[in-house]
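There are 4 protein chains.
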Amino acid sequence: MNYSSVRTGVLGATGYTGRELLKLLAAHPRTSVVLATSQSEAGISARRVVRSAPDLPLVRVEDADLSSCDVVFSCLPHGDSARWARRARAAGARVVDLSSDLRVPDTDEANGDEIAVYGLPELHRERIRGCRLIANPGCYPTAALLALTPLLRRGLISGPVVINAASGVSGAGRSAKRELLFAEVAEDFRAYAVGNVHRHLAELRDQSARLANGATPELVFTPHLLPVKQGILETIYVPLSRPLGTDPMAPWEEDFGAEPFVTLVRDGTPAIQDVVGSNRVAIAVTPVEGMASPLLIVSAAIDNLIKGAAGQAVQNMNLMLGIPETEGLSC
Amino acid sequence: MNYSSVRTGVLGATGYTGRELLKLLAAHPRTSVVLATSQSEAGISARRVVRSAPDLPLVRVEDADLSSCDVVFSCLPHGDSARWARRARAAGARVVDLSSDLRVPDTDEANGDEIAVYGLPELHRERIRGCRLIANPGCYPTAALLALTPLLRRGLISGPVVINAASGVSGAGRSAKRELLFAEVAEDFRAYAVGNVHRHLAELRDQSARLANGATPELVFTPHLLPVKQGILETIYVPLSRPLGTDPMAPWEEDFGAEPFVTLVRDGTPAIQDVVGSNRVAIAVTPVEGMASPLLIVSAAIDNLIKGAAGQAVQNMNLMLGIPETEGLSC
Amino acid sequence: MNYSSVRTGVLGATGYTGRELLKLLAAHPRTSVVLATSQSEAGISARRVVRSAPDLPLVRVEDADLSSCDVVFSCLPHGDSARWARRARAAGARVVDLSSDLRVPDTDEANGDEIAVYGLPELHRERIRGCRLIANPGCYPTAALLALTPLLRRGLISGPVVINAASGVSGAGRSAKRELLFAEVAEDFRAYAVGNVHRHLAELRDQSARLANGATPELVFTPHLLPVKQGILETIYVPLSRPLGTDPMAPWEEDFGAEPFVTLVRDGTPAIQDVVGSNRVAIAVTPVEGMASPLLIVSAAIDNLIKGAAGQAVQNMNLMLGIPETEGLSC
Amino acid sequence: MNYSSVRTGVLGATGYTGRELLKLLAAHPRTSVVLATSQSEAGISARRVVRSAPDLPLVRVEDADLSSCDVVFSCLPHGDSARWARRARAAGARVVDLSSDLRVPDTDEANGDEIAVYGLPELHRERIRGCRLIANPGCYPTAALLALTPLLRRGLISGPVVINAASGVSGAGRSAKRELLFAEVAEDFRAYAVGNVHRHLAELRDQSARLANGATPELVFTPHLLPVKQGILETIYVPLSRPLGTDPMAPWEEDFGAEPFVTLVRDGTPAIQDVVGSNRVAIAVTPVEGMASPLLIVSAAIDNLIKGAAGQAVQNMNLMLGIPETEGLSC
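Protein chains in written order, with the working numbering: chain W, 43 to 373; chain B, 43 to 373; chain A, 43 to 373; chain L, 43 to 373.
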């Protein structure tokens, strides 16, 4: 394969994630977009959707020539995506699946299907290099796992972890739903999926368990809907088995200090505007003084459409193909 | 009729206008809501839609007992509303139709149908008193007509009037449409219906012609979509046949100085936050100095859901029934 | 005292809380505003600040005739307010102090000064009736205490309580600060005072301890700044000493079921738009299934300027003077 | 001069324009930032202000070594900027002044001072190439002049032109002012400087007169404040001396068809989200049918911080130094 021009395809190119991916791939120095699908806007040019995209007609996914692509990104809806990811694999393409379908591989393992690698490069870089099927992480889990990994790996968590998260509206997708109308969301703020019922929990638990080597902590996860377009902030409360010492950030420094897309914030805590538009996660840690047992607050912010979706997908593609990891991404 | 408890019905009670009307009627000291319809939410209680509304089940409009009401307000979609307004009249109710169906009565006149009175109380108070069928004005025309009436009546306009208008998103209704999603509207601003193609123009022209006694001025009307929930601001440019003298606001003072819902702004120009939540229109006039021919800027702000819809409908009901005009309304 | 016209004064009338109070007092059927102070806008009419307020000139607080008032509300800055509250008491007025100065009465007790009653009517109604000096609660503590009271009273809390809170920008006051500019706050979301360093904690702890009869739970409190004008939502995580039984809301029903300003939400959790503009708190409880030890999420929403400040101040005045508690307030 | 590394300095680097300029210059392949000044934040690193900027300390402008720069950009306040621009010229640097100080060169001509070239590349490209002092246009005039140039040049305007403009809040600068607080601006919309009193009019008139060869049209300009961070939309009403023919966009096509930063919109009219983040202007033209005399609506959108300020400044620098015009800019 000549990596100076990787041929890419985007399934589901007109949602928020698909459009972000078109933008990133159009600007990426080593890729060209050769296929883009849309059910609702088939027939129009991809350039009408993203100004910098090539002037190629959107096709329905059923009509897509998957074999024309070196890499296929699927932004299709959960439940529908895995099927097309597997077809793209059968057609010879490498695949990054941005849905949740392949992130918890229990059933796939049981069925003997090809197992997707969980595409969080800061955790699984070596497995991603050279693999052919990637499950791109969810936006909430991306922030939470990067925030918690140093504690999980070191067995430092001693009780239920409360993940209080808030996301911009683009995280809910671009389908016309009344509850996502401007006049409903503006000047409002609400929790949803309260009581540990969000789809992302399965993935969060599965990955946490792997990182913690069995000493799996309990997780409580509450997402909220923010009146902003883009961005996720998570404020995470962690009971620790022992205090972290004079530099509480040392474990993150050790695990992520050299990561191009991880920013460790030492003055204050991150805001979503610190990361919107970039592929970075910004993390801060704040011990709570005066508690009977040590408690740590870990704050993490990402752009849900970039590090939480399309940017991370490109980062995974770069790794998979041996392209420099940061190419085409803002860090 | 015992006006201590006027029985009212709201057709189309779950849109933004219908809900505002439920709120106003629930708080009004002389009315009770006895009927509320909804196609999409039939079966649930009106109280689920508006907390202060009575606990009566929403019914589909086909199942509504229109004869149970003294006054029926129709917030049904344009094109569908007139039919139900006429049925409510046939059932014996007085009717305020908030759609555009009955605002330009040419066809109705030709057909010999009952003609609706155009319900702009500051212009047509006497005709509204005691009438039985009211066409409640559009939101944009309400602001524009109140802004321009003193000039139209006095024949002071000498050329095309430019009405540059901007409305909050609730003006577009509560149907789920992709272009009204928060992630589309936030941080954006756009014109629409550019080039004199907006539905409200017919009504604007018809009323202007009546006010101007035939010397009808040309109108250019450009609406814009604002990233706010509620409110309309119109900045109107009027070529004058002669300068207005030392107090340019004198004609408005003369025509509207005693109006409870008209505020004449003498220091600066109105902002939408000056009127949101009230049934008022705020108007300012600013002569542009140094022009070859005199030019006046008239600024007008209203709450599109109140003075531009539900509040004006209640004002009309008050007049129609002989209730004090400001009752149940904030001025 | 003739309660048909209580003479009220507002110190610091041009901030967000002061203006809200002017509005409420102007609309209240039993009060008239006879005094309003402002350092930055002295000389202009109160009507310029709040349209419905009387046309009386704002004076500097040093020039105010405190003895002209039956009730004085102080919205002056923390640190400055107590002094003026005490002067108003010396001048014979009853006082509601909206600052934090008098909320934790340790020093006052030591000094032998008049002790203010903590003005949370749902907890201290009897002590408020007839008292003469009230410390109006902070906005965050109002929501948190009403959310937690049934658990605190019953000794049901078995570990650190995480109070994750978010407030609209008006909570930060109306002083011109760069970090509160629209271009900084819009499209952003951030935590502040992370690590239990917020001023409201002292008050929260003091009141919690009184409610819990010594079995004081540990509190972790993290406020966030929301890109909305008004409203507070708190998502509170409570480790319980035992599960709550088949109706987890029973304790709230028992304690607050008859309260006019408490809404218990049984379908879903409250959003800030459910309460903005009213003096209500909306509370929901959600047990988290499948935890090793029982964990409850309590959600609470208020309007920070109304139940969190000006509305509660009026509710306190009503009680203090024997006026019906809900008069002049929206519930 | 070795253009592979142009040494640049930014005076006033911590306002919205200065920060945008730091970002663009840090990402530009041929420039390095060697100087950045700030009065309020002197001493801290430029990297604290803009993450991608070099780690050099901000200095007060009085302490700046202007001779260290090949090109100096002044984002200092109007009234103060010209003085520093002239000092930078005396120190040998080329200068782009982003204030309004040098845009209307009457006084400078009278004084015999060096005359700045008005830096609108689409109009004055040849004069910009190789010049040493540039007055960077205002944001509103940039959009208006690009919208109107084809009509001005061809003498097609026959009466007063109404420029109805709306800008995001960043256009008002980053100083802490009460009227720019989030809680004031959100959910609001207002006109300001109504009645042709805005500072930008002098510049608009001067440039229009030059383009129209003396047949100067009258201009009426009304700016409005939008509740968005960034972006300008202008809706411009132009009385024409004759209709424009079958393709009304032909004059713009002829004048700007090859311009990299001008987008001619043929389906609909531009929204600010079409251009935010880019250095482009998007223009559409809509003839109003049925008028007694021909009237054209020209719509234009830019990002006020990029094409309206920092991006255009970089475009000017590129031209001045012979660097490809689009380098470091998004088109």
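Where a beta carbon is used, it is the ideal one built from N, C-alpha and C, also for glycine.
Looking at C-alpha atoms only, which residue of the options is the closest neighbour of residue i?
i	options	result
valine 356 (chain L)	L:Ser47, L:His70, L:Gly54	L:His70
arginine 322 (chain L)	L:Leu275, L:Glu331, L:Val101	L:Leu275
serine 372 (chain B)	B:Thr305, B:Trp294, B:Leu198	B:Thr305
alanine 208 (chain W)	W:Arg129, W:Leu268, W:Val307	W:Leu268
isoleucine 314 (chain A)	W:Phe263, W:Ile344, W:Leu187, W:Ala233	W:Ala233
leucine 261 (chain L)	L:Ala244, L:Gln272, L:Ala324, L:Asn255	L:Ala244
glycine 172 (chain B)	B:Ala135, B:Arg308, B:Gly197, B:Ser141	B:Ala135
glycine 273 (chain A)	A:Leu63, A:Ala218, A:Val76, A:Asp345	A:Asp345
leucine 67 (chain A)	A:Ser109, A:Gly161, A:Val101, A:Phe115	A:Phe115
threonine 56 (chain B)	B:Phe303, B:Val48, B:Arg90	B:Arg90
arginine 108 (chain B)	B:Arg129, B:His120, B:Leu100	The sequence shown places leucine at residue 108 (chain B), not arginine. Of the listed residues, the one whose Cα sits closest to leucine 108 (chain B) is B:Arg129.
isoleucine 157 (chain A)	A:Glu164, A:Asp148, A:Gly85	A:Asp148
By the three-class DSSP mapping on this structure, what secondary structure does residue i have?
i	result
threonine 305 (chain B)	strand
glutamate 104 (chain W)	helix
phenylalanine 115 (chain L)	strand
glutamate 367 (chain W)	coil
threonine 184 (chain L)	helix
valine 138 (chain B)	strand
valine 203 (chain A)	strand
tyrosine 234 (chain A)	coil
methionine 43 (chain A)	Confidence in methionine 43 (chain A) is poor, its pLDDT being 47 and thus under 50, which makes the residue's placement unreliable; the coordinate value appears in the next sentence. DSSP places methionine 43 (chain A) in coil when its eight states are reduced to three.
valine 75 (chain W)	strand
proline 265 (chain W)	strand
Can residue i and residue j be called in contact, C-beta distance under 8 Å?
i	j	result
proline 312 (chain B)	alanine 326 (chain B)	yes
valine 317 (chain A)	alanine 300 (chain A)	no
glutamate 383 (chain W)	glutamate 229 (chain L)	An answer regarding residue 383 (chain W) cannot be provided, because it is not within the stretch 43 to 373 covered by chain W.
valine 159 (chain L)	valine 138 (chain L)	no
isoleucine 278 (chain L)	valine 340 (chain L)	yes
Could you give the distance in angstroms between the alpha-carbon of residue i and the alpha-carbon of residue j?
i	j	result
proline 259 (chain L)	glycine 237 (chain L)	17 Å
lysine 349 (chain W)	serine 320 (chain W)	7 Å
proline 293 (chain L)	glutamine 354 (chain L)	23 Å
aspartate 143 (chain B)	leucine 190 (chain A)	53 Å
valine 52 (chain L)	methionine 359 (chain L)	13 Å
alanine 235 (chain B)	arginine 241 (chain B)	9 Å
valine 270 (chain L)	methionine 362 (chain L)	33 Å
cysteine 117 (chain L)	glutamate 83 (chain W)	44 Å
valine 211 (chain B)	phenylalanine 224 (chain A)	20 Å
phenylalanine 298 (chain W)	serine 141 (chain W)	26 Å
glycine 215 (chain B)	valine 307 (chain L)	28 Å
glutamine 249 (chain L)	glutamate 367 (chain L)	22 Å
threonine 288 (chain L)	asparagine 206 (chain L)	26 Å
glutamate 62 (chain L)	isoleucine 170 (chain A)	55 Å
For residue i, which residues from the same chain have a beta carbon less than 7 Å from its beta carbon, with the 5 sequence-adjacent residues on both sides left out?
i	result
glutamate 369 (chain B)	His70, Pro71, Arg72, Asn360
tryptophan 126 (chain A)	Leu53, Val103, Ser116, Leu118
serine 421 (chain L)	No answer is possible for residue 421 (chain L): the residues shown for chain L start at 43 and end at 373.
Within the same chain, show all residues whose beta-carbon is closer than 8 Å to that of residue i, passing over the 5 residues directly before and after it, in chain order.
i	result
alanine 254 (chain L)	Leu194, Arg195, Gly197, Ile199
alanine 383 (chain A)	Missing from the structure shown is residue 383 (chain A); chain A here goes from 43 to 373 and no further.
leucine 286 (chain W)	Leu198, Ala292, Pro293, Val327, Pro329, Pro336, Leu338
Using a Cβ-based criterion (distance less than 7 Å to any ligand heavy atom), does residue i qualify as near the ligand PLP?
i	result
serine 47 (chain A)	Among the components modelled here there is no ligand, and therefore nothing to report on the ligand PLP.
So, at 6 Å on beta carbons, what are the nonlocal neighbours of residue i in its own chain, with the 5 sequence-adjacent residues on each side left out?
i	result
serine 30 (chain L)	Since the displayed chain L opens at 43 and closes at 373, residue 30 (chain L) lies outside it and no answer follows.
valine 204 (chain W)	Val262, Tyr279
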